[in-house]
Structure formats: C-alpha cells, structure tokens
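K.L.:
In full-length UniProt numbering, the protein residues as written are 1 to 124. My questions all concern the structure below.
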C-alpha cells in the first residue's frame, strides 16, 4: 500500500480519535468514550450506527433506480415498495383525515390499500 506524506493510506480507516466528552453530555456517553479511549478502539462509524441503527438494504433498489423509466415513475415505485404511498389506509394510520370516507373511490365497500389498488381494484 502507498503512503501519502507520512500517512499510510490503509491505516486511515483505523485512526484513533482522541475525544473529550462535553460536561453536559450523558454519563453513559462519557463512560463509553473514556473506555474506548483507554482501549484505543474508537470508531465514529460504531457510534453513528448505534444512534441510527442498522437498516436493511433493499434488494430491489438496483432494479428500480437503474431502469429506463422516468424519474417520477421510479419514485412512485419506490414509495409503493416501501409502503409509503399515501393511501386512505395510511392516512388513517397517520391520523390524517381529509375525506369523510376511508374507502376506495371506485368501490365504496373496500378500504383503499396498496394491495387493493395494485391487485384487486377493477378500475386500476
């Protein structure tokens, strides 16, 4: 591996960062920082992942974003795959009530859901 100045490029990912916890930080954060500093094992990535949590990668992401579809169509499919399409069912779960009905506009006996819109609804 090469060197840049006096830095070994392959060791840059393992840099020990000396940090000092602010006085107003929690006792847990101060203790964790001091223990990691004593053990010389402080990685920013570990703390970042502990805060936001591990998120699974979507296997279909490459299919969606590398397709030849228009960007608005790709975004729409992305919303559907993640269950973020704003259907009446989702509006009820988010406590957003703009209509007096929670049902599909083409069939008033069925709740408007993703599965209804893309599998069962005769109109779509």
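No residue lacks a Cβ here, since even glycine has one placed at the ideal position from N, Cα and C.
By how many angstroms is the C-alpha of residue 23 removed from the C-alpha of residue 76?
P.N.:
As a position in the chain shown, residue 76 is number 76, starting the count at 1. As a position in the chain shown, residue 23 is number 23, starting the count at 1. Their Cα atoms are separated by approximately 47 Å.
K.L.:
What residues are listed by DSSP as bridge partners for residue 111?
P.N.:
Translated into the one-based positions of the chain shown, residue 111 becomes position 111. According to DSSP, residue 111 bridges with 103.
K.L.:
Residue 119: buried (16+ other C-beta within 10 angstroms of its C-beta) or exposed?
P.N.:
Looking up residue 119 in the chain shown gives position 119. Under this definition residue 119 is an exposed residue.
K.L.:
Check residue 63 in the structure and name its three-state DSSP category.
P.N.:
Here residue 63 corresponds to residue number 63 of the chain shown, with the count starting at 1. In this structure, residue 63 counts as helix in the three-state DSSP scheme.
K.L.:
How long is the line joining the alpha carbons of residue 96 and residue 112, rounded to whole angstroms?
P.N.:
Looking up residue 96 in the chain shown gives position 96. Looking up residue 112 in the chain shown gives position 112. Cα to Cα, the separation comes out at about 14 Å.
K.L.:
Would you report the Cα separation of residue 81 and residue 30, rounded to the nearest angstrom?
P.N.:
Your numbering for residue 81 matches position 81 in the chain shown. Your numbering for residue 30 matches position 30 in the chain shown. Taking the straight line from one Cα to the other gives about 40 Å.
K.L.:
Going by alpha carbons, who is nearest to residue 87 out of 47, 104, 66, 65?
P.N.:
Here residue 87 refers to the residue found at position 87 when the chain shown is read from its first residue. Cα-wise, what sits closest to residue 87 is 104.
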